[in-house]
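Scroll down for the structure; my scribbles are underneath it.
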Amino acid sequence: MYELIILSLLSRATFHGYLIAKIINDVVGPYTKISNGRLYPLLAKLEHDGLINFAEEPSVEQTKTRPVQSYQITEQGRQRFYQLMMDVSSNPGDYQRIFNYKTAMFDMIPFSDRIKLIDHYTNYCYNQIYHIKTEKADMEANAEIRMTQAPVDRIIEMMAHRLQQWELEHEWALHLREVELARHGEGQPDPHPTK
Numbered sequence: 000m001y002e003l004i005i006l007s008l009l010s011r012a013t014f015h016g017y018l019i020a021k022i023i024n025d026v027v028g029p030y031t032k033i034s035n036g037r038l039y040p041l042l043a044k045l046e047h048d049g050l051i052n053f054a055e056e057p058s059v060e061q062t063k064t065r066p067v068q069s070y071q072i073t074e075q076g077r078q079r080f081y082q083l084m085m086d087v088s089s090n091p092g093d094y095q096r097i098f099n100y101k102t103a104m105f106d107m108i109p110f111s112d113r114i115k116l117i118d119h120y121t122n123y124c125y126n127q128i129y130h131i132k133t134e135k136a137d138m139e140a141n142a143e144i145r146m147t148q149a150p151v152d153r154i155i156e157m158m159a160h161r162l163q164q165w166e167l168e169h170e171w172a173l174h175l176r177e178v179e180l181a182r183h184g185e186g187q188p189d190p191h192p193t194k
């Protein structure tokens, strides 16, 4: 997730580490934070892998008191960013959160890829809904489990809550698809017509 966010930022401009950390923490916060102990080794790894390098030009934000080392993306980094954007199989347990971050970067991939990602996510939401409905119905019908009435009722209430959350997420994904189709139909230019 952090790699995706860093590469997306550097696809837009050069940034120094402090500003990268601030933006990441603004995006993922308030309870998830990236520490310098995690950020700088990741930046070093991305640089070692040839995905980013040190910028020759000043970053978006330079301090007046001392030079700040800024980073920029390489062509290999742009390819890796695209690969991460299109990845729908890694981290299935965190996919909801990852997909939400990806939507903020949709302007950086072709229209057809945006639709593929939305369609995949819509199906992901549907599978979550189906699973919860099925398990909830099984639990409600299972007499052995019902013998311990109080805990089961609480579990069923929690499942009903999760079901509502996923139904809302599914509706949002369908709406997102409509918005993308409308933007495309209105002739808004596709920043990446082919990939």
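All residue numbers for the sequence shown refer to numbering that gives the first Met the number 0, where the first residue is 0 and numbers rise by one.
Ideal Cβ placement from N, Cα and C applies to all residues, glycine included.
With a threshold of 16 other CB atoms inside 10 Å of the CB of residue i, please say whether the residue is buried or exposed.
i: Gln82; result: exposed
i: Ser58; result: For Ser58, the predicted model reports a pLDDT of 47, less than 50, meaning its position is unreliable; a value from the coordinates is still stated below. That one is buried.
i: Phe195; result: Here the chain comprises residues numbered 0 to 194, so residue 195 is not present and cannot be evaluated.
i: Arg113; result: buried
i: Tyr123; result: buried
i: Leu173; result: exposed
i: Ala197; result: Since the displayed the chain opens at 0 and closes at 194, residue 197 lies outside it and no answer follows.
By how many angstroms is the C-alpha of residue j removed from the C-alpha of residue i?
i: His47; j: Ser7; result: 18 Å
i: Gly36; j: Ile5; result: 15 Å
i: Asn141; j: Tyr70; result: 58 Å
i: Ser111; j: Arg176; result: 11 Å
i: Val87; j: Arg79; result: 14 Å
i: Lys135; j: Met158; result: 7 Å
i: Lys32; j: Phe14; result: 18 Å
i: Met0; j: Trp165; result: 21 Å
i: Met104; j: Ile155; result: 37 Å
i: His160; j: Gly184; result: 36 Å
i: Asp118; j: Asn126; result: 12 Å
i: Asp106; j: Asp152; result: 45 Å
i: Tyr30; j: Ile128; result: 27 Å
i: Leu18; j: Ile72; result: 15 Å
i: Asn24; j: Ser34; result: 9 Å
i: Lys167; j: Gly16; result: A small correction: the amino acid at residue 167 is Leu; Lys does not occupy that position in the sequence shown. Rounded to the nearest angstrom, the two C-alpha atoms are 36 Å apart.
i: His130; j: Glu55; result: 51 Å
i: Val26; j: Ala43; result: 22 Å
From what residue to what residue does the beta strand (DSSP E) around residue i run?
i: Ser69; result: Ser69 to Ile72
i: Asn52; result: Ile51 to Phe53
If you follow the alpha helix (DSSP H) that residue i is in, where does it begin and where does it stop?
i: Ile23; result: Gly16 to Val27
i: Asn141; result: From DSSP, Asn141 is part of no alpha helix (DSSP H); its letter is neither H nor E.
i: Gly36; result: Asn35 to His47
i: His105; result: At residue 105 the sequence reads Phe, which differs from the His that was named. Careful: Phe105 lies outside any alpha helix (DSSP H) and carries neither H nor E.
i: Tyr1; result: Tyr1 to Arg11
Between residue i and residue j, which are expected to be in contact by the criterion C-beta below 8 Å, what is the C-beta distance as a whole number of angstroms?
i: Val101; j: Leu116; result: Checking the sequence shown, residue 101 turns out to be Lys, not Val. Yes, Lys101 and Leu116 are in contact; Cβ-Cβ is about 6 Å, under 8 Å.
i: Ser10; j: Arg96; result: Contact doesn't hold; Cβ gap of about 20 Å is too wide.
i: Gln68; j: Leu50; result: Not a contact, Cβ separation roughly 16 Å.
i: Leu41; j: Glu2; result: 7 Å
Quick check: residue i and residue j, are their CB atoms within less than 7 Å of each other?
i: Ile108; j: Met84; result: yes
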